[in-house]
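Protein chains in written order, with my numbering: chain U, 40 to 211; chain A, 40 to 211.
Protein chains: 2
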Amino acid sequence: MADASSHDTIRAEFIEKTGLFSQAEGLPRIAGRVLGLLIYDGDVVPFGELAVKLQVSRASISTSVRLLEERGLVKRVNKPGERQSFFQLAPDPYGTMLKVVQQRNRSFQAEIAETIESLPKDADAQGRLKAYYDFYASIGAAISVALTEVNKPEVLEAGQQPATLKGFKDDE
Amino acid sequence: MADASSHDTIRAEFIEKTGLFSQAEGLPRIAGRVLGLLIYDGDVVPFGELAVKLQVSRASISTSVRLLEERGLVKRVNKPGERQSFFQLAPDPYGTMLKVVQQRNRSFQAEIAETIESLPKDADAQGRLKAYYDFYASIGAAISVALTEVNKPEVLEAGQQPATLKGFKDDE
DNA sequence: CGATCCGTTCAGTTGCAACTGAACAAACTT
DNA sequence: AAGTTTGTTCAGTTGCAACTGAACGGATCG
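Next comes the structure, spelled out in structure tokens:
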């Protein structure tokens, strides 16, 4: 990759990446960028600053934070003296993300189960739909594993990392 | 979901559901429906029939099957006597789906690792980005678990009773 | 009391991926 | 040979979600 640019550039790029990642999870890009900013800064960030820093309209910020609040990823803080709303990462945001995925997965799984049960017993599609059902069941089980894993830091499966983190000694 | 009447209706609804599910995995809806049809019918299906059965243009079928082939989910079969191309589910399609997800996840993980490494050592964002990184690491590990699970033969030959599905319990 | 700031809502725009129709080349038929 | 059938490609359309600007109500300040 390119040589380390300025600190602000790194920050901006990280925020942009998070926006793209979040799109894969069904969030609008701006909401993902809000998330990225809150992760990076770690601070309590005022509403207006989100609009300015991310260069988007306040309307977009409004809907984005609403989505993020609904998902339990972001928490709104209203300070008594201040007029603005402030936002920060909710506690355990990653566990919450997994729970959302879990929920959606279970919904799919249940629908397939319904289909299977409404089939005539002798339908030869039975076995194939069962395999499809098992697929979602496996994913569900795996997410449960990840949920327990997320809450205990520093525990990583060796060999899963695409790149070694030089700054950290989480291996061995 | 209302109790499905005819067998064909059940089939059509399943195909439609699969189309919607697949959208969540980043596939176009038509590609997902092709997948659903192949899962349900289990047969080798000719190109033209896909267009007719799914009520879409041949152009859409062409691009859809290309995407599905690229992902390794569908296999093209050209029969010697016949002019048409035929399609069927690839072996181990569910394992393949998981591998795609795994790949994307690792890519995200690697990008975050790059960001962390380019940060100054004393940046206070370090810890928070590490937590974000760990999040993806956990997911990666979970997918690995699911991958071994999916490939277990699990003997679900054609006569499996749907009763085993009824009242399935959420784990955890 | 205005005046100003703040966040939400909503009608309109915009950008983009999905989808189509038509033109095309290859392979086969007659 | 011309004529079919088949799958791909590509320019154009379409549908939809993301995003914006403006209007609004509520709160605070002067």
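Every residue gets a Cβ at the ideal spot worked out from N, C-alpha and C, and that includes glycine.
Close Cβ partners of residue i (< 8 Å) along its chain, the five nearest in sequence each way excluded
i               : result
V83 of chain U  : V116, F125, F126 and Q127
R68 of chain A  : G58, L59, S61 and Q62
Y185 of chain U : Reading off the sequence, residue 185 of chain U comes out as Ala, not Tyr. Result list for A185 of chain U: L137, in chain order.
E109 of chain A : none
V73 of chain A  : L89, L93, I100, S103, V104, L107, V113 and F126
G87 of chain A  : R97 and Q123
E55 of chain A  : R72 and G75
E121 of chain A : P85
G166 of chain A : none
P201 of chain U : Unreliable positioning characterises P201 of chain U in this predicted model, as indicated by a pLDDT of 46, which lies under 50. The coordinate reading is nonetheless provided below. Here the set comprises nothing.
Candidates the options: closest to residue i by CA position
i               : options                          : result
R50 of chain U  : A:V189, A:V184 and A:L168        : A:L168
V189 of chain A : U:G87, U:S177 and U:I54          : U:S177
Q62 of chain U  : U:Y175, U:L107 and U:E156        : U:L107
Y172 of chain U : A:T48, A:P132 and A:V73          : A:P132
S45 of chain U  : A:K138, A:T48, A:P159 and A:A70  : A:P159
D47 of chain A  : U:S157, U:T48 and U:G166         : U:S157
K191 of chain A : U:T187, U:D161 and U:A170        : U:A170
S103 of chain A : A:G81, A:E121, A:G65 and A:V139  : A:G65
G81 of chain A  : U:V139, U:A164, U:E121 and U:V73 : U:A164
V139 of chain A : A:S183, A:G87, A:L77 and A:E55   : A:S183
Contacting residues, own chain, Cβ-Cβ under 7 Å from residue i (five flanking each side not counted)
i               : result
G179 of chain U : Q141, N144, R145 and Q148
A129 of chain A : G111, L112, V113, K114 and T135
Y175 of chain U : N144, F147, Q148 and I151
L77 of chain U  : V84, V113, F126, Q127 and L128
D161 of chain A : none
T187 of chain A : none
L195 of chain A : Bear in mind that a pLDDT of 46 at L195 of chain A, under 50, signals an unreliable position, so the number given afterwards is only what the model happens to contain. Closer than 7 Å at the Cβ level, and outside the excluded window around L195 of chain A, lies no residue.
Residue burial classification, residue i (beta-carbon count within 10 angstroms, cutoff 16)
i               : result
S96 of chain U  : exposed
T57 of chain U  : buried
A98 of chain U  : exposed
P119 of chain A : exposed
Q94 of chain U  : exposed
T154 of chain U : buried
R105 of chain U : exposed
G75 of chain U  : buried
K208 of chain U : At K208 of chain U the pLDDT is 40, less than 50, meaning the model places this residue with poor confidence; the figure from the coordinates comes in the next sentence. K208 of chain U comes out exposed.
Which residues DSSP lists as bridging residue i, in chain order
i               : result
K138 of chain A : DSSP output for K138 of chain A lists no bridge partner at all.
R115 of chain U : U:F126
V84 of chain A  : A:F126
Same chain, Cβ closer than 6 Å to residue i, five either side skipped, listed in chain order
i               : result
P85 of chain U  : Q123 and F125
Y79 of chain U  : R50 and F53
I100 of chain A : L89 and A90
A197 of chain U : Model confidence at A197 of chain U stands at a pLDDT of 43, short of 50, so the residue's coordinates are unreliable and nothing is read from them.
A70 of chain U  : S103, L106 and L107
A181 of chain U : none
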